[in-house]
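Note that this note's numbering numbers the sequence shown so that position 65 is 46, with each residue one more than the last. Quick reminder that beta carbons are idealized off the backbone N, C-alpha and C, glycines included. Quantities reported herein were computed from a predicted structural model and do not represent experimental measurements. One structure below.
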Amino acid sequence: MAQNEDTNIVRRAGKDGLEYVKRLCTDADAADADTLMRMDDELIRRNISPGGSADLLAAALMLYFAENDL
């Protein structure tokens, strides 16, 4: 999400909201579950839904599984 121009975030939170999410994701340590949970809570509190990022992740996983016969 730090690199994605998520239009769902822009629609809900504007360009400033998108930049906030990008900074939040850049600063987050993916290995730290507590940090990720706090980030999730904050996005929910602000009514920010990264649906575009979720769609990209789902498509990437589908292609990975299809290419690797999983």
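Closest by C-alpha distance to residue i, when choosing among the options
| i | options | result |
| --- | --- | --- |
| M20 | V2, A41 and G33 | V2 |
| A(-17) | D36, F46 and L(-1) | L(-1) |
| T7 | A41, D36 and N(-15) | N(-15) |
| R(-7) | M18, D36, R4 and I25 | I25 |
Cβ-based neighbour list, residue i, same chain, cut-off 7 Å, excluding 5 preceding and 5 following
| i | result |
| --- | --- |
| N(-11) | S30, P31, G32 and G33 |
Own chain partners of residue i with C-beta closer than 8 Å, once the 5 adjacent residues on each side are dropped
| i | result |
| --- | --- |
| D(-13) | L(-1), V2, P31, G32, G33 and S34 |
Distance cut-off 6 Å: residue i Cβ against heavy atoms of the ligand COA
| i | result |
| --- | --- |
| L5 | Inclusion of the ligand COA in the displayed structure is not the case, the ligand content being empty and no account of it being possible. |
Extract the residue ranges of the alpha helix (DSSP H) inside the stretch 7 to 42, only unbroken runs of 4 or more that lie entirely within it.
Runs of the alpha helix (DSSP H) inside the stretch 7 to 42: 14 to 26.
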